[in-house]
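Here our numbering is used: the first residue of the sequence shown is 6, the next is one more, and so on.
Let me begin by presenting the structure, written as structure tokens, before commenting on it.
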Amino acid sequence: MNCCGKKRQAWLAEEKNTKSQPTVEVHAQKAPTDQPTRWFEYRGNNQLTIKGIGTGTPYHFKFKGDKLPVDYRDSFAFMAERELKVTSADQESRY
Numbered sequence: 006m007n008c009c010g011k012k013r014q015a016w017l018a019e020e021k022n023t024k025s026q027p028t029v030e031v032h033a034q035k036a037p038t039d040q041p042t043r044w045f046e047y048r049g050n051n052q053l054t055i056k057g058i059g060t061g062t063p064y065h066f067k068f069k070g071d072k073l074p075v076d077y078r079d080s081f082a083f084m085a086e087r088e089l090k091v092t093s094a095d096q097e098s099r100y
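Here is the structure:
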């Protein structure tokens with residue numbers, strides 16, 4: 006019959022060795038982008054808040070025809086929203 010006490014002692018000794026090794030922390034940084042921002046116009050009837058998938062930035066469209074600049078990294082997900090259309094800052098709203 007094998008004793009599990011030796012396995013437990015080996016496991017505890019191994020755990021001690023790993024705890025004594027220095028820990029390296031890695032901090033994720035947002036990658037800078039050289040891409041231009043894209044402007045989106047909201048064509049829905051209510052308010053809309055979307056969190057950017059690339060940057061985590063919340064974007065809040067307050068009314069129909071509202072335009073916001075959107076980071077390039079977030080813009081691809083915004084293009085999938087049927088109530089948002091790519092536009093430009095100086096283009097007149099249809100609404």
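Backbone N, C-alpha and C fix where the C-beta goes; we use that ideal spot for every residue, glycine too.
| query | result |
| --- | --- |
| What are the residues that DSSP puts in a beta bridge with residue 90? | 46 |
| Looking at residue 59: is its Cβ nearer than 8 Å to the Cβ of residue 39? | no |
| What did DSSP end up calling residue 69 once you bin it into helix, strand or coil? | coil |
| Take every Cβ of the stretch 48 to 55, pair it with every Cβ of the stretch 74 to 89, and state whether three or more of those distances are shorter than 8 Å. | yes |
| For residue 77 and residue 69, I'd like the C-alpha separation in whole angstroms. | 22 Å |
| Going by the CB atoms, is the gap between residue 72 and residue 46 shorter than 8 Å? | yes |
| Return the CA-CA distance between residue 57 and residue 64, expressed in angstroms with no decimal places. | 7 Å |
| CB-CB under 6 Å to residue 74, same chain, minus the five flanking residues each way: which ones, in chain order? | 42, 44 |
| Tell me the residue span of the alpha helix (DSSP H) that contains residue 85. | Taken as a continuous stretch (DSSP letters only), residue 85 belongs to no alpha helix (DSSP H), as it is neither H nor E. |
| Just grab the DSSP bridge partners of residue 53 for me. | 66 |
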